[in-house]
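Engineer: This is the structure, below, for whatever I ask next.
Number of protein chains: 2
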Amino acid sequence: MSAINRLLSLARRPDGRLQASDFRFLEQRVPDLAAGEVLVRNTWLSIDPSIRIRLQARTPSGYMPPFEIGEPLVGLALGVVQESRHEDFAPGQTVSHMYGYRDYAVVRPGGSTIGGYGALAKVTENGFPLQWQLGPLGSSGLTAYAGLLAVANLQPSDTVWISAAAGAVGSIAAQLAKLRGAIVSGSAGSPAKVDYLRTTLGLDGAFDYHDGPVGDLLAAAAPEGIDLYFDSVGSDHLIAAIDQMRPGGRIAMCGALAEYDNHPATPMPSNLFQLVSKEITIKGFRAGSYSHLMQAMQDEVGTYLRDDSMEYSELVLHSLDKAPTALVAMVRGDNIGKTLCALEN
Amino acid sequence: MSAINRLLSLARRPDGRLQASDFRFLEQRVPDLAAGEVLVRNTWLSIDPSIRIRLQARTPSGYMPPFEIGEPLVGLALGVVQESRHEDFAPGQTVSHMYGYRDYAVVRPGGSTIGGYGALAKVTENGFPLQWQLGPLGSSGLTAYAGLLAVANLQPSDTVWISAAAGAVGSIAAQLAKLRGAIVSGSAGSPAKVDYLRTTLGLDGAFDYHDGPVGDLLAAAAPEGIDLYFDSVGSDHLIAAIDQMRPGGRIAMCGALAEYDNHPATPMPSNLFQLVSKEITIKGFRAGSYSHLMQAMQDEVGTYLRDDSMEYSELVLHSLDKAPTALVAMVRGDNIGKTLCALEN
Numbered sequence: 001m002s003a004i005n006r007l008l009s010l011a012r013r014p015d016g017r018l019q020a021s022d023f024r025f026l027e028q029r030v031p032d033l034a035a036g037e038v039l040v041r042n043t044w045l046s047i048d049p050s051i052r053i054r055l056q057a058r059t060p061s062g063y064m065p066p067f068e069i070g071e072p073l074v075g076l077a078l079g080v081v082q083e084s085r086h087e088d089f090a091p092g093q094t095v096s097h098m099y100g101y102r103d104y105a106v107v108r109p110g111g112s113t114i115g116g117y118g119a120l121a122k123v124t125e126n127g128f129p130l131q132w133q134l135g136p137l138g139s140s141g142l143t144a145y146a147g148l149l150a151v152a153n154l155q156p157s158d159t160v161w162i163s164a165a166a167g168a169v170g171s172i173a174a175q176l177a178k179l180r181g182a183i184v185s186g187s188a189g190s191p192a193k194v195d196y197l198r199t200t201l202g203l204d205g206a207f208d209y210h211d212g213p214v215g216d217l218l219a220a221a222a223p224e225g226i227d228l229y230f231d232s233v234g235s236d237h238l239i240a241a242i243d244q245m246r247p248g249g250r251i252a253m254c255g256a257l258a259e260y261d262n263h264p265a266t267p268m269p270s271n272l273f274q275l276v277s278k279e280i281t282i283k284g285f286r287a288g289s290y291s292h293l294m295q296a297m298q299d300e301v302g303t304y305l306r307d308d309s310m311e312y313s314e315l316v317l318h319s320l321d322k323a324p325t326a327l328v329a330m331v332r333g334d335n336i337g338k339t340l341c342a343l344e345n
Numbered sequence: 346m347s348a349i350n351r352l353l354s355l356a357r358r359p360d361g362r363l364q365a366s367d368f369r370f371l372e373q374r375v376p377d378l379a380a381g382e383v384l385v386r387n388t389w390l391s392i393d394p395s396i397r398i399r400l401q402a403r404t405p406s407g408y409m410p411p412f413e414i415g416e417p418l419v420g421l422a423l424g425v426v427q428e429s430r431h432e433d434f435a436p437g438q439t440v441s442h443m444y445g446y447r448d449y450a451v452v453r454p455g456g457s458t459i460g461g462y463g464a465l466a467k468v469t470e471n472g473f474p475l476q477w478q479l480g481p482l483g484s485s486g487l488t489a490y491a492g493l494l495a496v497a498n499l500q501p502s503d504t505v506w507i508s509a510a511a512g513a514v515g516s517i518a519a520q521l522a523k524l525r526g527a528i529v530s531g532s533a534g535s536p537a538k539v540d541y542l543r544t545t546l547g548l549d550g551a552f553d554y555h556d557g558p559v560g561d562l563l564a565a566a567a568p569e570g571i572d573l574y575f576d577s578v579g580s581d582h583l584i585a586a587i588d589q590m591r592p593g594g595r596i597a598m599c600g601a602l603a604e605y606d607n608h609p610a611t612p613m614p615s616n617l618f619q620l621v622s623k624e625i626t627i628k629g630f631r632a633g634s635y636s637h638l639m640q641a642m643q644d645e646v647g648t649y650l651r652d653d654s655m656e657y658s659e660l661v662l663h664s665l666d667k668a669p670t671a672l673v674a675m676v677r678g679d680n681i682g683k684t685l686c687a688l689e690n
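As given, the protein sequences belong to chains C and H, one line each in that order.
Mapping of the first sequence onto our numbering: position 221 corresponds to residue 221, and the numbering continues sequentially without gaps.
To convert, count from 1 in the second sequence and add 345; that's our numbering.
This is how it looks when you write it as structure tokens:
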């Protein structure tokens, strides 16, 4: 095959806020397959916040290395097998893998993954929109499910706070916690999102973190304190959660959005002694370590989606050309729910 | 009974470093007992770091309230029953309770406790020095044992760092971890203590945290990283532990010594995203919540003490008059091991 492949790469390190011009496309001829390789034409790209970390010149210890300038980006994607030199995969099959941000991906089954995800895998039709296997029935759903249940041991009696609750993961976590019986407050970054949390998701409390000190807003939303905090923001949100935590509280930490796009001097917790005084647990996690829960998550979330007890929103941008715009919009938190790019199908 | 009772109280809030003149003695007539009460003559006082927190004008959320100026201090103590108006206690019995820092204590069985400890309880002779039931066979031992085993799930394959490793709790934790098969480094605040860690306790690594940035010292002591950190210091020690932690690492946090006596501006973790990238758990705890492990701890630690595979040091100051001096010495970290006051017996 000798088609031209476009691959999105980093043009320069973002200086403060991410811009579309921080990226540029490379063009490469699609290479011939070596034995054991599979050629996939990408159809859906998952635009995830965690990619922001790898655009920096340094990444935190334990994390994947920074993208080099000019290096093609990677990310979770769905696609269709075009050619195969591996016996387990045949042309026409729908697959998931980690080589998004490009038209075509050459994938070696059993190769590297992103944080435990992204090995080449067949995707089975399940009656829902295909792209939901990147969202509520895929990595977003698993992050919410594992964080609440396996990491933070959600109980029906809990009062829960979900940050970034209008986002891809947060919106599922907030609804899952409510459907499991908890009292749930959510926070987000715009009046429209807060309205969504209150009206569409029916949360017990909701606030815009721009409206004052997060600790005060949280105390007003959950005046009796919280038992569980689902953290994807870090920084002032984490401080507020510790201050408002009841004895024995649990914090599931899956990200630190506040730290991805505006450094260097975000405020950091100065109240960690409360971890002792209130016997609080903070547990960082990556969903890839909980892939054994994927089936249970899909069963439960699938049931909620099917009977309309769970709502799911997504922003779809069409064509690979829009991937830089999608990245900027996702990092800025412009939209409710998941951000995706649909490639020409 | 109409003896005079001396009770140590707070004379003024400490301004920076604690001084003996921050305390003064009250004299009160020992009251007549009401029905259900027991009069105890104190014989041993446990001088514990956590009392420092309650000398401040404010205590962290979830913690016991500050001592008022002029309010008698409390703390774990051993004593002998002098008079009893409770059927379960008789004169001559040795007991433990929470009303230390005074000659005589009037105690109501079943009354309030300190963080789960300190209900009036009979103490049984066990072949060891009596005061060890305030130390390695009491609260210090339980803090070390519960923190390592129940909170942080110590494995023989772990590389462990114990802060304040020459202290009452740390010295037991360090030895327990080694006896359980782990590779153990310890840190402390003087050359004499580091020599004790290296020579007497035989730890695999030891450093004085004054000798440079803690992160660099820890990296030199445990160049392959650590799996478990036993934290009683907080602050720069906690930051260093997170930086050096291997994936899946656990932090058991029982205190924050660095924050008790020199505020307000200790550096605080700015590396918490590593909790996500390395899937680290931080769990704050109070030993009082693990009193169900007391017997198992006493069995194991008692065996080690009996066969001399565990060493235990203590500084004993004689007479209640010395309690202010003992408090200052303990907070300054002057001595190796536990600090106690022995009252006239």
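Don't be surprised by glycine CBs; every beta carbon is placed ideally from N, CA and C.
The structure displayed is predicted, hence computed values, not measured ones.
(1) Can you find a C-beta in chain H that's less than 9 Å from the C-beta of C/Thr113?
(2) Nearest chain H C-beta to C/Met330 closer than 9 Å, yes or no?
(3) For C/Leu340 versus C/Leu317, is the C-beta distance shorter than 9 Å?
(4) Would you mind reading off the limits of the alpha helix (DSSP H) that contains H/Thr488?
(5) Would you mind reading off the limits of the beta strand (DSSP E) that contains C/Phe23?
(6) Helix, strand or coil for H/Val673, going by three-state DSSP, please let me know.
(7) Could you list the residues in the region 635-657 of chain H with a C-beta less than 9 Å from some C-beta on chain C, going in chain order?
(8) Give the residues of chain C in contact with H/Tyr462, contact being defined as C-beta atoms less than 8 Å apart.
(9) Who does C/Ala206 pair with in a DSSP beta bridge?
(10) Taking C-beta pairs closer than 9 Å, name the residues in chain C that H/Cys297 reaches, listed in chain order.
(11) Can you look up H/Gln643 in the DSSP assignment and give me helix, strand or coil?
(12) Could you give the residue range of the beta strand (DSSP E) that holds C/Gln82?
(13) Do you know whose CA, among H/Ala380, H/Ser577, H/Ile392, H/Arg386, lies nearest H/Glu432's CA?
(14) Return helix, strand or coil for C/Gly288, following the three-state DSSP convention.
(15) Relative to the C-alpha of C/Gly181, which candidate in C/Thr200, C/Pro156, C/Arg198, C/Gly189 has its C-alpha closest?
(16) Pop quiz: C/Gly355 and C/Ser235 are said to be a contact at Cβ under 8 Å. What is the actual Cβ separation, rounded to whole angstroms?
(17) Measuring alpha carbon to alpha carbon, tell me which of C/Ala152, C/Tyr312, C/His210 ends up nearest C/Gly284.
(18) State the Cα-Cα distance for the pair C/Glu311 and C/Ala173, rounded to the nearest angstrom.
(19) Where does H/Glu470 land, buried or exposed, given buried means 16+ other C-beta within 10 angstroms?
(20) By how many angstroms is the C-alpha of H/Pro417 removed from the C-alpha of C/Pro267?
(21) Pull up the CB-CB distance for C/Gly92 and C/Val81, whole angstroms please, since I reckon it's below 8 Å.
(22) Is it right to say H/Ala610 is buried, meaning 16 or more other beta carbons lie within 10 angstroms of its own, or is it exposed?
(23) Which residue marks the beginning of the alpha helix (DSSP H) containing H/Ala586, and which one marks its end?
(24) Just grab the DSSP bridge partners of C/Met253 for me.
(25) Quick one, which of C/Ala287, C/Asp32, C/Ala11, C/Pro31 has its alpha-carbon nearest C/Asp22's?
(26) Starting from C/Lys278, follow the alpha helix (DSSP H) in both directions and report where the run begins and ends.
(27) Under 9 Å, do H/Ala671 and H/Leu390 count as touching if we go by C-beta distance?
(28) Quick one: is C/Met330 buried, meaning 16 or more other Cβ sit within 10 Å of its Cβ, or exposed?
(29) For H/Leu363, which beta-bridge partners are listed by DSSP?
(30) Taking C/Gly337 as the reference, give the member of C/Ala323, C/Asp211, C/Leu315 with the closest Cα.
(31) If you draw a straight line from the C-alpha of H/Val673 to the C-alpha of H/Ser664, how long is it?
(32) Counting only beta-carbon atoms, is C/Gly337 nearer than 9 Å to chain H?
(33) Return the residues of the region 349-381 of chain H that lie within a Cβ-Cβ distance of less than 9 Å from chain C, sorted by chain order.
(34) Note the first and the last residue of the continuous beta strand (DSSP E) segment covering H/Ile708.
(35) Note the first and the last residue of the continuous beta strand (DSSP E) segment covering H/Ile507.
(36) Measure the C-alpha to C-alpha separation of H/Leu542 and H/Arg591 and round it to an integer number of angstroms.
Structural biologist: On the basis of the data shown:
(1) no
(2) no
(3) yes
(4) 484-490
(5) 23-29
(6) helix
(7) none
(8) Within 8 Å Cβ-Cβ: nothing; H/Tyr462 doesn't reach chain C, min ~14 Å.
(9) C/Gly186
(10) Within the shown structure, residues of chain H are numbered from 346 to 690, placing residue 297 of chain H beyond reach of any answer.
(11) helix
(12) 77-84
(13) H/Ala380
(14) helix
(15) C/Pro156
(16) Summary: the structure shown does not reach residue 355 of chain C, with chain C confined to residues 1 through 345, and so no result is reported for it.
(17) C/Ala152
(18) 11 Å
(19) exposed
(20) Note on C/Pro267: pLDDT 47, under 50, position unreliable in the model; no value is reported.
(21) 6 Å
(22) Bear in mind that the predicted position of H/Ala610 carries a pLDDT of just 44, short of 50, making it too unreliable to give a figure here.
(23) 580-589
(24) C/Asp231, C/Gly284
(25) C/Ala11
(26) First-last for C/Lys278: undefined, no H or E at that position.
(27) yes
(28) buried
(29) None, per the DSSP bridge assignment.
(30) C/Leu315
(31) 15 Å
(32) no
(33) none
(34) Because chain H here runs from 346 to 690, residue 708 of chain H falls outside it and cannot be looked at.
(35) 504-507
(36) 24 Å
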